[in-house]
Amino acid sequence: MTKKINKLQDQKKAGLLPKSRTGINGLDEITEGGLPAGRPTLICGSAGCGKTLMSIEFIVRGALIYNEPGVFMAFEEKADELAVNVASLGFDLNQLIDDKLIRIDHVHIERSEIEETGEYDLEGLFIRLGYAIDSIGAKRVVLDTIENLFAGLDNQTVLRSEIRRLFQWLKEKGVTAIITGERGDNSLTRQGLEEYVSDCVILLENRISNQISTRLLRIVKYRGSVHGTNEYPFLIDEDGISVLPVTSLQLDSAVSTESISSGIASLDTMLGGAGFYKGSSILISGTAGTGKTSIASSFANANCLDGKKCIYFAFEESPHQIIRNMRSIGIDLNNHIKSGLLEFHASRPTLHGLEMHLVAIHKNIKRFKPDIVVLDPVTNLITVGSVSEVKSMLIRLVDYLQNEGITVMFTALSLNNTFNEQTDEGISSLVDAWLLIRDIESNGERNRGLYVMKSRGMGHSNQIREFIIADEGLELVDVYLGPDGVLVGSAREAHILREQTGQALHGQAVSRKDREISRKRKLLEAKIAGLQTEFESVEEELNKVYLEEELKHKIQEDNRREMIEKRKSIKAKK
Amino acid sequence: MSNSSQYQLVLFISGASPNSVRALNNLKQICEIHLKGNYKLEVVDVYQQPELAKQEQIIALPTLIRKNPTPTRHLIGDMSDRARVLRGLGINPSDIAI
Chain A
20 MTKKINKLQD
30 QKKAGLLPKS
40 RTGINGLDEI
50 TEGGLPAGRP
60 TLICGSAGCG
70 KTLMSIEFIV
80 RGALIYNEPG
90 VFMAFEEKAD
100 ELAVNVASLG
110 FDLNQLIDDK
120 LIRIDHVHIE
130 RSEIEETGEY
140 DLEGLFIRLG
150 YAIDSIGAKR
160 VVLDTIENLF
170 AGLDNQTVLR
180 SEIRRLFQWL
190 KEKGVTAIIT
200 GERGDNSLTR
210 QGLEEYVSDC
220 VILLENRISN
230 QISTRLLRIV
240 KYRGSVHGTN
250 EYPFLIDEDG
260 ISVLPVTSLQ
270 LDSAVSTESI
280 SSGIASLDTM
290 LGGAGFYKGS
300 SILISGTAGT
310 GKTSIASSFA
320 NANCLDGKKC
330 IYFAFEESPH
340 QIIRNMRSIG
350 IDLNNHIKSG
360 LLEFHASRPT
370 LHGLEMHLVA
380 IHKNIKRFKP
390 DIVVLDPVTN
400 LITVGSVSEV
410 KSMLIRLVDY
420 LQNEGITVMF
430 TALSLNNTFN
440 EQTDEGISSL
450 VDAWLLIRDI
460 ESNGERNRGL
470 YVMKSRGMGH
480 SNQIREFIIA
490 DEGLELVDVY
500 LGPDGVLVGS
510 AREAHILREQ
520 TGQALHGQAV
530 SRKDREISRK
540 RKLLEAKIAG
550 LQTEFESVEE
560 ELNKVYLEEE
570 LKHKIQEDNR
580 REMIEKRKSI
590 KAKK
Chain B
2 MSNSSQYQLV
12 LFISGASPNS
22 VRALNNLKQI
32 CEIHLKGNYK
42 LEVVDVYQQP
52 ELAKQEQIIA
62 LPTLIRKNPT
72 PTRHLIGDMS
82 DRARVLRGLG
92 INPSDIAI
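Chains as they are written, first to last, in our numbering: chain A, 20 to 593; chain B, 2 to 99.
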């Protein structure tokens, strides 16, 4: 409370328009702080678009959250009718009335009971409202719907001038007021008056296209303040009104370099080791039955095992179906649901309009604060919107999630088997990582091939991996690149087998050759030994001749010397 | 006329605003002419008793409420349109006019 007062004072000091928070989800973001404090705001729209609900929520939230009592002056519904209407939103109006936080004044005007007899003014209404405001010290006032006065009273001139005076009077009172008005044919209100005297005009609409209705809110004017100018979808559910300021997002979100696992170790390797970046968006596309849901579930499973929170939006299968199916590949999602880490939200796309889906997704994310979000499959949303609408919705969702640092995984069904460079929703340019699963048909069987089409900001494999769904989970195996091209499935298995056989045979052959060589060596060695012996005998022979010769020569020499000696002795004798 | 058909009238005014003063004067005149001795007029200043505004479903001022005879009727304005005032009060002027 003090914080709020300080804020208001700060705003006053800065010369800014002080604002009064509505407490309605998202509306304060669009109006950048709430409705103009102490000034009247008009909420207009056709029947059933939520004017009364929005205004009563403004009063109730004001009383509950901001401790600002409020007066609700009803020209249409009686107090007990209102109490019943808002009880469905979980507000106990009677309790708030007893606590003097809210005062409801039902104004009953019945034309047939009233006779106009001359000049009059609406001072009675002023006194009545003034008394109600003062009795509980109200800061907020709602007049719903003031133009009912025109139905009960004749004098238009008086009414118009009195309504002008009423707006002025409300400003002087310093109450933040909401006036509701029925939409006119060519103007925002039937009387074409309230929109000029209000400082802020909010237009509510209920648009129906393709038999699906979407509630939209637009701020037509806001004096002295900037505000979002787009049409914002809003949702009325058991928590009241939620407005989604989806288009005001900017491309300035902080990025993370942290990685989170994809749940398949071999896929992480393909993505450079660690998996996806935290806060990135991942698209998995493929034809029917290629295992998109299995990848998404395994991604959710891995992160839940890490203690991260995950929210799974299923547009095709029921949670029970998914849990049962994933159990067959060894993923137990039920455990995570029990531990509160995983939440399933299954809805048929045709349940409500696209914008409503976005609001619902937004709301659940805001409440659950997950680390990862899975949408399976986004292609089904096409049944409730055109391609461009789905794309714009997804862009806004991705923007929001990136802002929050939440990792999101989409699955998308490709309708034909031909290679699509673009997904049907045209979101492939939007996402950070795109995995494509493709059927590879050969040898009478279908196998799954997984590519990493893109993965921003990380090195990733350019190869096709064969994607195998087994009882133990998901696995990626290298496809076999043989002389005949890429082989997958049984062809790959067969080729590997063939190769193993070949290796065994080859080994056999090699050892046989080895043995032959050694045998040959032995043979040759034996031959060499023989020759050696032969050579020795020849050598011996030769040596023998040589010795004989020498011996002969020696003997001859001896003989000759003997002869010379003999001759010498003969000579001497002489 | 019996007592049960006595006119019970309550005029709600806002202080001494011109409309209120006019309404009071006009009404007194009408009552004296058409309902002499057969009416009870109460004048309430809503500024003094604002809680009555909600109770009596008052929006415009001045407002005259005919409490009796039933059903309750509301007459708003300064009572300057005599024919309408008489119609609103359920008085047929030709009956009573002398």
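Every residue gets a Cβ at the ideal spot worked out from N, C-alpha and C, and that includes glycine.
In chain A, which residues lie less than 7 Å from residue i when you measure between Cβ atoms?
| i | result |
| --- | --- |
| Pro63/B | Tyr139 |
| Gly89/B | Glu134, Thr136 |
| Val47/B | Gly143, Ile146 |
Excluding sequence positions up to five away, which residues of its chain have a Cβ less than 7 Å from the Cβ of residue i?
| i | result |
| --- | --- |
| Lys297/A | Ser275, Glu277, Ser278, Ile279, Gly424, Thr426 |
| Met375/A | Thr233, Pro252, Leu254 |
| Glu8/A | In the structure as shown, chain A begins at 20 and stops at 593. Residue 8/A is therefore absent and cannot be evaluated. |
| Arg85/B | none |
| Asp218/A | Pro55, Arg58, Pro59, Thr60, Arg242 |
| Ala102/A | Leu112, Asn113 |
| Cys68/A | Leu223, Glu224, Asn225, Arg234 |
CB-CB under 6 Å to residue i, same chain, minus the five flanking residues each way: which ones, in chain order?
| i | result |
| --- | --- |
| Thr199/A | Ile62, Lys70, Ser74, Asp163, Thr164 |
| Leu373/A | Val403, Gly404, Glu408, Met412 |
| Ile384/A | none |
| Ile238/A | Ile221, His246 |
| Ser244/A | Leu36 |
| Arg159/A | Ile78, Gly81, Glu87, Gly89, Thr195 |
| Gly53/A | Lys38, Ser39, Arg40, Thr41, Asp47 |
Tell me the rounded alpha-carbon separation between residue i and residue j.
| i | j | result |
| --- | --- | --- |
| Leu566/A | Ser537/A | 42 Å |
| Met2/B | Ile31/B | Note that Met2/B scores 43 on pLDDT, short of 50, meaning its location in the model is unreliable; the coordinates nonetheless yield the value given after this. Cα to Cα, Met2/B sits roughly 18 Å from Ile31/B. |
| Asn174/A | Leu62/B | 13 Å |
| Met80/B | Val177/A | 16 Å |
| Ala595/A | Arg130/A | In this structure chain A extends from 20 to 593, so residue 595/A is not present and cannot be described. |
| His125/A | Asn205/A | 29 Å |
| Leu212/A | Ile221/A | 14 Å |
| Leu543/A | Leu286/A | 60 Å |
| Pro51/B | Thr60/A | 26 Å |
| Ser313/A | Pro368/A | 21 Å |
| Ile342/A | Asn104/A | 38 Å |
| Val417/A | Ile446/A | 10 Å |
| Ile401/A | Ile128/A | 49 Å |
| Lys539/A | Ala513/A | 39 Å |
| Arg386/A | Pro19/B | 59 Å |
| Ile356/A | Ile380/A | 18 Å |
| Val529/A | Ala548/A | 29 Å |
| Phe186/A | Arg179/A | 11 Å |
| Val216/A | Phe145/A | 17 Å |
What residues of chain B sit near residue i, judged by a beta carbon separation below 7 Å?
| i | result |
| --- | --- |
| Ile128/A | Ile60 |
| Ile133/A | His75, Ile77 |
Is residue i near the ligand SAM, with its Cβ less than 7 Å from a heavy atom?
| i | result |
| --- | --- |
| Ser232/A | The model on display carries no ligand, and the ligand SAM is accordingly not part of it. |
Might you give, ordered along the chain, the residues of its own chain that have their beta carbon closer than 8 Å to the beta carbon of residue i, omitting 5 neighbours on each side?
| i | result |
| --- | --- |
| Leu115/A | Val79, Ala82, Leu83, Ile121 |
| Asp490/A | Ser347, Ile348, Gly349 |
| Leu68/B | Per the sequence shown, residue 68/B should be read as Lys rather than Leu. The answer, listed in chain order, is Gln9, Leu10, Val11. |
| Asn39/B | Met2, Ser6, Gln7, Tyr8 |
| Lys41/B | Gln7, Tyr8, Gln9, Leu10 |
| Arg209/A | Glu166, Phe169, Gly200, Glu201, Arg202, Gly203 |
| Lys190/A | Gly57, Arg58, Pro59 |
What residues from chain A crowd round residue i, counting only those whose CB sits closer than 8 Å?
| i | result |
| --- | --- |
| Lys55/B | Asp124, Arg147, Tyr150, Ala151 |
| Glu33/B | Ordered by position in chain A, no residue passes the 8 Å Cβ test against Glu33/B, which lies about 17 Å from the chain. |
| Pro51/B | Ile146, Arg147, Gly149, Tyr150 |
If the cut is a Cβ gap below 9 Å, which residues of chain A does residue i touch?
| i | result |
| --- | --- |
| Asn20/B | Gly137, Glu138, Tyr139, Asp140, Glu142 |
| Val86/B | Glu134, Thr136, Gly137 |
| Ser81/B | Thr136, Gly137, Glu138 |
Could you tell me which chain B residues have their CB closer than 9 Å to the CB of residue i, listed as they occur along the chain?
| i | result |
| --- | --- |
| Leu172/A | Ile60, Ala61, Ile77 |
Flag residue i as yes if its beta-carbon sits less than 8 Å from any beta-carbon of chain C, otherwise no.
| i | result |
| --- | --- |
| Ser15/B | Looking for chain C here will not work: the only protein chains present are A and B. |
Would the segment 475-482 of chain A and the segment 302-317 of chain A be scored as touching if the rule is three or more Cβ pairs under 8 Å?
no
For the segment 59-115 of chain A, which segments carrying the alpha helix (DSSP H) assignment without a break, of at least 4 residues, lie completely within its bounds, in sequence order?
70-83, 98-106
Ignoring anything shorter than 3 residues or poking outside the segment 342-388 of chain A, list the beta strand (DSSP E) runs there in chain order.
361-365
List, from N- to C-terminal side, the beta strand (DSSP E) runs of 3 residues or more that fit wholly inside the segment 475-533 of chain A.
484-489, 492-497, 499-501, 504-506
Run through the segment 182-257 of chain A for me and flag every whole beta strand (DSSP E) of 3 or more residues, listed as ranges in chain order.
195-201, 219-228, 231-241, 250-256
Alpha helix (DSSP H) runs contained entirely in the segment 28-56 of chain B, provided each spans 4 or more residues:
52-56
Every unbroken alpha helix (DSSP H) inside the segment 305-332 of chain A [4 residues or more]:
311-324
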